[in-house]
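A.B. asks: Its first residue numbered 767, the sequence shown is counted upward by one per residue in the numbering used here.
The C-beta atom is built at its ideal place from N, Cα and C for all residues, glycine as well.
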Amino acid sequence: SCILIFFRFLKYHKTANMVKNQKKNKKFGLRVSKPKALGDQIADDKFAKPTKRLKPRDAKQNAPAKKRFVNMTGVLAQIRELDKDERPHDELMEEEDYIDEPETATPENVDHIIKEFIKTEFGNVDMTEEERIFAIFMPKNSSAQKTYLEQVRDTLIEKHTEIQTQLDEQSVAGGPNISLEVQEMCQKAGKVLSNYRSGPIPKMIKAMPKMKNCLQLLFLTGPDQWSAAAMYQLTRVFTSQSPDIVQVFYNKVLLPRCRDDIAHYKRLNYHLYQALSRSVFKPASFFRGIILPLCMSGNCTLREAVVFGSIIARKSIPFKASAAALMKIAQMEYTGANSIFIRVLLNKKYTQFWTVLDAVCAHFVSFKCDSRKLPVLWHQSLLTFVQRYKEGLSEDQKKQLYGLAAFHSHKIITPEVRRELENSDSRPSG
């Protein structure tokens, strides 16, 4: 009964307010709606009615937008058409494409990412001492690292000569050549990319990967003048192309730019870190165009290895690409950076082929006759290998590693290596 009285009070209060509002509107000369019949009013009150009040912010949202910008519908349609391309299969290594997966946001504080990576992977390692030991393992005959400008300039000269040769051959054969109009468009697009900060990139750049001689046209835009934000956008464009084109872009444009930025600023720009993160979407091209050339250069610094290694640690990489890269790095001539990449790949904890484990084991055993002082990162990578794959090693391999631990010893890490080798089963022979 109390509830019924409460609802009757609400109904009376509502009716009184309606009458009051109608009188107020009539007083000020406003239009007053004619009341319905009593029976219709009683029937309408049985059901709830949606409010007719329109909030100011809703009115602004529903209002037609002012035509301040150009209609981008046609441009977006062209971009979607350009993105629909057939990607050929990579014959050298199975290429798993992750372009359609949602890209995880890269935190803007790259320095914090690197510090957390060093703390997680390497603990309290003295990086200054490690960098000094790294220099010992760099080849004596390795030439000094060229700056990004020098590398791109050399590539531009090479490509310019190649383009000129092709133009001469095509002019003799009567084939198509690069017109002056296209060259001017490339130069104008390059000027836009040199000052690029955000927003859409030129449609010429979007369409460039679909053209013949796209790499030659790309170098006409002057990659040495691109901004860091433009480098990220170009990486997004070229990552969706065929593996051969992607690998050349990674190796000739992205890798030198990142190395030059690290050498000059002692850190990596946020947009370039984003570009490296994006490049992992083509894992085989990422390893063959960036990581393996970096290891083979012989002059990869500790700082560079940490930055590039953090990319591998943060991203999901297919098993086959990871196994192939691990085997290739293990078979290379040793530099300090190899220990970082080997440890990061081992920490992926993939089930490896025995051939890969044999290659990694042979890599460590090869130091049995090396009298040089090895960095702590080498001992850490050995411990990681034994911890992750101790049961995938044969009895002979364990004996060799046990003898290696006696020759190259670390007061904290080596006892752990021995303990892991002693308290584990071996893989079946044959």
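For Phe1053, which of Ala1090, Gln1040, Lys954 has the nearest alpha-carbon?
C.D. replies: Of the candidates Ala1090, Gln1040, Lys954, the one whose C-alpha sits nearest the C-alpha of Phe1053 is Ala1090.
A.B. asks: Within a Cβ cutoff of 8 Å, which residues of the same chain sit near Asp810, ignoring the five residues on either side of it in sequence?
C.D. replies: These residues qualify, in order along the chain: Lys802.
A.B. asks: Identify whether Asp1136 lies in helix, strand or coil by the three-state DSSP scheme.
C.D. replies: The answer is coil: DSSP assigns Asp1136 none of H, G, I, E or B.
A.B. asks: Write down the C-beta distance between Thr1147 and Ser1105 rounded to the nearest angstrom, noting that I regard them as a contact closer than 8 Å.
C.D. replies: It should be pointed out that residue 1147 corresponds to Ser in this sequence rather than to Thr. Indeed, because the Cβ distance is near 4 Å, the residues count as touching under 8 Å.
A.B. asks: Taking 8 Å as the threshold (beta carbon to beta carbon), is Ser1147 in contact with chain B?
C.D. replies: This model lacks chain B altogether, as it is built from one protein chain only.
A.B. asks: Taking Ile1095 and Ile1108 to be in contact with their CB atoms under 8 Å, please state how far apart those CB atoms are, rounded to whole angstroms.
C.D. replies: Yes, they are in contact, since the Cβ atoms of Ile1095 and Ile1108 sit about 6 Å apart, within 8 Å.
A.B. asks: Are there 16 or more other CB atoms within 10 angstroms of the CB of Leu808, so buried, or fewer, so exposed?
C.D. replies: Correcting the residue type first, residue 808 is Ile in the shown sequence and not Leu. Looking at its Cβ environment, which holds fewer than 16 other Cβ atoms inside 10 Å, Ile808 is exposed.
A.B. asks: Using beta-carbon positions only, say whether Ala994 and His1037 come within less than 8 Å of one another.
C.D. replies: A contact, by the Cβ cut-off of 8 Å.
A.B. asks: Secondary structure at Thr1117, three-state DSSP: helix, strand or coil?
C.D. replies: Note: Thr1117 maps to coil in three-state DSSP.
A.B. asks: So is the beta-carbon of Tyr1039 under 7 Å away from any non-hydrogen atom of the ligand ZN?
C.D. replies: This structure lacks the ligand ZN, and indeed carries no ligand of any kind.
A.B. asks: Helix, strand or coil for Cys1066, going by three-state DSSP, please let me know.
C.D. replies: Of the three classes helix, strand and coil, the one that applies to Cys1066 here is coil, per DSSP.
A.B. asks: In the DSSP assignment, find the alpha helix (DSSP H) that holds Leu1149 and state where it starts and stops.
C.D. replies: That run of the alpha helix (DSSP H) goes 1142-1155.
A.B. asks: Cα separation between Ser1008 and Asp1124?
C.D. replies: So the alpha carbons of these two residues sit roughly 33 Å apart.
A.B. asks: Could you please give the first and the last residue of the uninterrupted alpha helix (DSSP H) stretch that includes Lys954?
C.D. replies: Counting along the chain, the alpha helix (DSSP H) containing Lys954 begins and ends at 946-960.
A.B. asks: My parser needs the alpha helix (DSSP H) runs of 4 or more residues fully inside the region 951-1030; what are they?
C.D. replies: Segments of the alpha helix (DSSP H) lying fully in the region 951-1030: 969-973, 980-986, 994-1005, 1009-1015.
A.B. asks: Quick one: using the 10 Å Cβ neighbour count with 16 as the cut-off for buried, is Tyr1168 buried or exposed?
C.D. replies: Per the 10 Å Cβ criterion, exposed.
A.B. asks: What residue range does the alpha helix (DSSP H) around His878 cover?
C.D. replies: Counting along the chain, the alpha helix (DSSP H) containing His878 begins and ends at 876-888.
A.B. asks: Between the region 1152-1163 and the region 883-900, do three or more beta carbon pairs fall short of 8 Å?
C.D. replies: Contact fails: fewer than three Cβ-Cβ distances are below 8 Å.
A.B. asks: Pair every Cβ in the region 1061-1078 with every Cβ in the region 877-893, then say whether three or more of these pairs are closer than 8 Å.
C.D. replies: Yes, the region 1061-1078 is in contact with the region 877-893.
A.B. asks: Which term fits His1145, buried or exposed, when burial requires 16 or more other beta carbons within 10 angstroms of its beta carbon?
C.D. replies: The residue is buried, with at least 16 neighbouring Cβ atoms inside 10 Å.
A.B. asks: Which same chain residues end up closer than 7 Å to Gln991 when comparing Cβ atoms and leaving out the 5 residues on each side of it in sequence?
C.D. replies: Contacts found: Gly956, Ser960.
A.B. asks: Hey, Lys976 and Thr1005: beta-carbon distance below 8 Å or not?
C.D. replies: Cβ atoms of Lys976 and Thr1005: not closer than 8 Å.
A.B. asks: So Asp1027 and Asn1035 are in contact, right, with Cβ under 8 Å, and what is the actual spacing, rounded?
C.D. replies: The pair is a contact, with the Cβ atoms about 5 Å apart (cut-off 8 Å).
A.B. asks: Whole angstroms is fine: what's the gap from Pro1022's alpha carbon to Ser1195's?
C.D. replies: Cα to Cα, Pro1022 sits roughly 46 Å from Ser1195.
A.B. asks: Given a cut-off of 8 Å, decide if Leu983 and Cys952 are closer than it, judged by their beta-carbon atoms.
C.D. replies: Cβ distance < 8 Å, so Cys952 and Leu983 count as in contact.
A.B. asks: Rounded C-beta distance between Ser1043 and Ile1078? I'm assuming under 8 Å.
C.D. replies: Rounded, the Cβ-Cβ distance is 10 Å, inconsistent with contact.
A.B. asks: If you draw a straight line from the alpha carbon of Thr886 to that of Lys1115, how long is it in whole angstroms?
C.D. replies: So the alpha carbons of these two residues sit roughly 16 Å apart.
A.B. asks: Alpha carbon to alpha carbon, what distance is there between Tyr998 and Arg963?
C.D. replies: Rounded to the nearest angstrom, the two C-alpha atoms are 10 Å apart.
A.B. asks: Which of helix, strand or coil does DSSP assign to Pro1198?
C.D. replies: Since the first residue shown for the chain is 767 and the last is 1196, residue 1198 is missing from the structure and cannot be characterised.
A.B. asks: Can you give me the start and stop residues for the alpha helix (DSSP H) that Ala803 sits inside?
C.D. replies: Ala803 -> no alpha helix (DSSP H), and no H or E assigned at all.
A.B. asks: What is the rounded straight-line gap between the Cα of Asp866 and the Cα of Leu1092?
C.D. replies: The pLDDT assigned to Asp866 is 39, lower than 50, so where the model puts this residue is not dependable, and the model offers no usable value.
A.B. asks: Determine the contact status of Tyr1039 and Val876, defining contact as a CB-CB distance below 8 Å.
C.D. replies: For Tyr1039 and Val876, yes; Cβs fall inside 8 Å.
A.B. asks: Would the beta-carbon of Gln1097 fall within 8 Å of that of Gly1055?
C.D. replies: Cβ atoms of Gln1097 and Gly1055: not closer than 8 Å.
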